[in-house]
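First the structure, in the form of structure tokens, and then the observations on it.
In the numbering used here, the protein residues as written are 140 to 584.
So this is what it looks like as structure tokens:
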């Protein structure tokens, strides 16, 4: 017999909140004697205002636990926390609010509104850590994702439920590409997770989205660069919870995370504060444990519904030799490389087709589109191989038929790959145009 609802609520109730005391305070880290909890749980620490404004509470997240102590990361910067201050566990035990009330809203990493829309209505509470779909519960992307960018739709075709990364150094148009994909990509919901961004950029993006007719399709989850490392990590986890909630109802969600690298840096900061050993570039083991889970929580499921993930990854150099870059390339279903050289030439989007790949494109396209895709990619590769000879004037026409064909269609391909920031190209039109260019290759043969 099913227990009465009142008895279920009674079993979950906290009649006495467990607590502990602060035993050590260092920069960005608090050690306390309790309360007992698990990683990611929130606690409240008693704190006095520096100006003498009285007692208030500072939220902190549990980052490490052992038999004698817990390590907490304050969510508020510069809090005046003292020894022996009381630490009280929150009753939600790592659960966060989700629901349709978050559609068309901008929130912080705690689920609190940062727009002018008032309180957010919650439909349910779910564990912040979420769950990863089992292998046999997944579904391969079978439908093409229309992005409106010719370079992607034509040559790097993506599928609904695919996980893809945009890799680039700073200043090559990564954020602009993300913003264009956000407004042009078709979906039931679009979640923009902004990690470590400047506050001005968060406000500008939200203003742009809120003025659109389909503003209710967008949700912004933001943790700015001045906020604590725990909030920057929590920002991504919260966005994933919202995406997972809508996917479970059969909806297609586009989740855009900008950027995974800043989340990795925040995880490193937390790991070092908790005493974890540094590894490559001082990244701690928790970084390499968390990132695969972030990727695996996304994707399409057999029951219907999908999370299409588009994640930006910062690379300190265009050689993409960063360990986070290499890890993410191995985890994702494709990577789009942005080139500084192309950006400096005014080429937008600055996508380096030769170094980019969509691992699902062969399953998604066939026939004339697939032939045009292979032909265009081959011509771009031939031209790049002979670029030095061509641009230095050493190459003579007629020396190599393949190079001659690549030169003949070079301008048409470049024009095809370039696009203004407000231009949306229909998929059928992009494919037809690409076929026309590749057909020109045969004509020049």
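A virtual CB, placed ideally from N, CA and C, is assigned to each residue, including glycine.
- A buried status is given to residue 408, since no fewer than 16 other beta-carbon atoms sit within 10 Å of its beta-carbon.
- Residue 422 sits away from residue 414, with the two beta carbons spaced by 9 Å or more.
- Under DSSP, the beta-bridge partners assigned to residue 306 are 452 and 476.
- Assignment of residue 292 by DSSP, reduced to helix, strand and coil, places it in the helix class.
- Taking C-beta separations shorter than 8 Å and ignoring five residues to either side along the sequence, the partners of residue 207 in its chain run 172, following chain order.
- The shortest CA-to-CA distance from residue 258 to any of 266, 239 and 578 is the one to 239.
- Judged by DSSP in its simplified three-state form, residue 559 adopts coil rather than helix or strand.
- In the DSSP assignment, residue 242 forms no beta bridge with any residue.
- Annotation: residue 168 to residue 211 spans about 6 Å, alpha carbon to alpha carbon.
- With contact defined as three or more Cβ pairs closer than 8 Å, the segment 438 to 454 and the segment 386 to 402 are in contact.
- Shortest Cα-Cα distance from residue 175 to any of 184, 159, 164 and 166 involves 159.
- For residue 446, the three-state secondary structure derived from DSSP is strand.
- Annotation: the continuous beta strand (DSSP E) that includes residue 438 extends over 438 to 440.
- Put simply, the segment 512 to 527 does not touch the segment 245 to 254. Fewer than three CB pairs are less than 8 Å apart.
- Minimum Cα-Cα distance from residue 297 among the listed residues 513, 549 and 497 corresponds to 497.
- Within the model, the alpha-carbon separation for residue 347 versus residue 319 is close to 11 Å.
- Annotation for residue 510: no beta strand (DSSP E) segment contains it, though the alpha helix (DSSP H) segment containing it runs 506 to 524.
- 493 is the residue among 526, 507, 493 and 261 whose C-alpha sits nearest the C-alpha of residue 556.
- One thing to note: residue 515 has its Cβ no nearer than 9 Å to the Cβ of residue 288.
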